[in-house]
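Undergrad:
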Amino acid sequence: MELRHIRYLLAVADHGNFTRAAEALHVSQPTLSQQIKQLEHALGVVLLDRAGRGVRLTDAGAAYVQHARLALRDLAAGERAVHDVQDLSRGQLRIALTPTFTPYLIGPVVHRFRVAHPGITLAIWEAAQDQIESDLLADRVDLGIAFSNPHAAGIESQTLFAESLSLVVGSDHPLATATAALSADAVGDTALGLLSSDFATRLHVDNYFAACGSTQNIAVEANSIGALLEFVRRGSLATVLPDAVAGAYPDLHRVPLDPPLPTRTVQLLRRAVVYRSAATRAFTETVHTIALEYQAQSDGYWSHQ
1 MELRHIRYLL AVADHGNFTR AAEALHVSQP TLSQQIKQLE HALGVVLLDR
51 AGRGVRLTDA GAAYVQHARL ALRDLAAGER AVHDVQDLSR GQLRIALTPT
101 FTPYLIGPVV HRFRVAHPGI TLAIWEAAQD QIESDLLADR VDLGIAFSNP
151 HAAGIESQTL FAESLSLVVG SDHPLATATA ALSADAVGDT ALGLLSSDFA
201 TRLHVDNYFA ACGSTQNIAV EANSIGALLE FVRRGSLATV LPDAVAGAYP
251 DLHRVPLDPP LPTRTVQLLR RAVVYRSAAT RAFTETVHTI ALEYQAQSDG
301 YWSHQ
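Note that UniProt numbering gives residue 18 to position 18 of the sequence shown, counting from 1, and the numbers run on in steps of one.
Written out as structure tokens, the structure is:
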């Protein structure tokens with residue numbers, strides 16, 4: 001048994017088809033089929049059910065694949081540990097974050113980190129919190145930035161700061177000059193542009209109005225913070241965003257609510273009991289430093305980065 005046997009089996013399991021798996025692996029289909037048969041012979045079990053149009057794992061195959069994925073994940077982590085450069089002259093780091101952090105948090109963090117460690121290559125992408133935790137457990141991500149929730153088993157969290165949110169409008173919106181706090185019921189008369197339901201922020205907003213027994217007049221949904229900002233800045237819609245995002249735009253105005261929207265805790269996530277590269281440790285320190293400055297200076301800090 002060799003590592004290629006395991007990788008070939010996982011490819012067939014993922015594609016559900018020998019032809020597509022062979023194309024992805026850049027090998028011929030007969031070669032792939034022969035390699036899988038060698039693995040089955042070595043284990044003494046049938047791993048794949050080849051009946052019908054597709055290919056699926058047998059019960060034995062499903063059990064084996066589960067452990068095979070974990071083994072390959074740990075081997076990949078071991079390779080990164082071997083190549084980890086302690087002086088941070090080179091390296092690679094994979095970061096995932098929920099989208100609301102893109103307009104205000106990740107920019108200052110990456111800038112500070114790149115200035116200190118220009119040899120480290122960063123791969124950064126946005127994802128829903130559930131996906132971030134799945135990617136951490138599968139070793140597709142080194143660190144995640146998300147919110148305090150009941151986390152999946154195997155995920156460790158470190159608290160960074162408390163994030164506050166507000167109702168936000170553009171300069172031309174009728175509520176832009178409001179000084180008195182607006183009740184949750186009164187917001188029902190205001191056309192809202194909100195993030196789509198796959199965002200943690202949207203769930204937070206929905207829970208707030210539900211707890212107040214109030215309805216929302218949702219006129220626009222968007223899965224992009226940038227698009228939502230454009231809609232709101234033009235004056236016809238209100239939205240709910242982190243105070244730090246609103247503070248970065250002089251043409252956005254926060255409208256006080258009564259009761260106020262509850263704060264939420266921002267956390268740094270990582271897989272438990274795993275090797276921490278020098279780059280991971282350095283990025284963690286940078287995030288904590290920025291978080292402390294944020295707590296001390298509030299959203300005025302972000303608008304000057």
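Here a beta-carbon is modelled for each residue, glycine too, at the ideal position from N, C-alpha and C. Nothing here was measured: the structure is a model prediction, and the numbers come from that model.
#1: In the DSSP assignment, the alpha helix (DSSP H) including T121 goes from what residue to what residue?
#2: Could you tell me the distance, in whole angstroms, from the CA atom of P256 to the CA atom of R53?
#3: Taking the straight line between their C-alpha atoms, what separation do you get for L167 and L241?
#4: Does DSSP put V205 in a helix, a strand or coil?
#5: Starting from V109 and walking both ways along the alpha helix (DSSP H), at which residues does that stretch end?
#6: Go to G247, then tell me how far its alpha helix (DSSP H) extends in each direction, as first and last residue.
#7: Based on Cα-Cα distance, which residue from D185, L70, S196 and L88 lies nearest to S214?
#8: Which of helix, strand or coil does DSSP assign to residue 310?
#9: According to DSSP, is T239 helix, strand or coil?
#10: Can you list the beta strand (DSSP E) stretches of 3 or more residues lying completely in the stretch 37-108, in chain order?
#11: Is there contact between the stretch 149-161 and the stretch 227-247, where contact requires at least three CB pairs shorter than 8 Å?
#12: Can you give the Cα-Cα distance for E126 and K37, rounded to whole angstroms?
TA: With the structure as the only source:
#1: Counting along the chain, T121 falls outside any alpha helix (DSSP H), though it belongs to the beta strand (DSSP E) covering I120 to E126.
#2: 60 Å
#3: 7 Å
#4: helix
#5: I106 to A116
#6: D243 to G247
#7: D185
#8: Since the first residue shown for the chain is 1 and the last is 305, residue 310 is missing from the structure and cannot be characterised.
#9: strand
#10: 91-97
#11: no
#12: 40 Å
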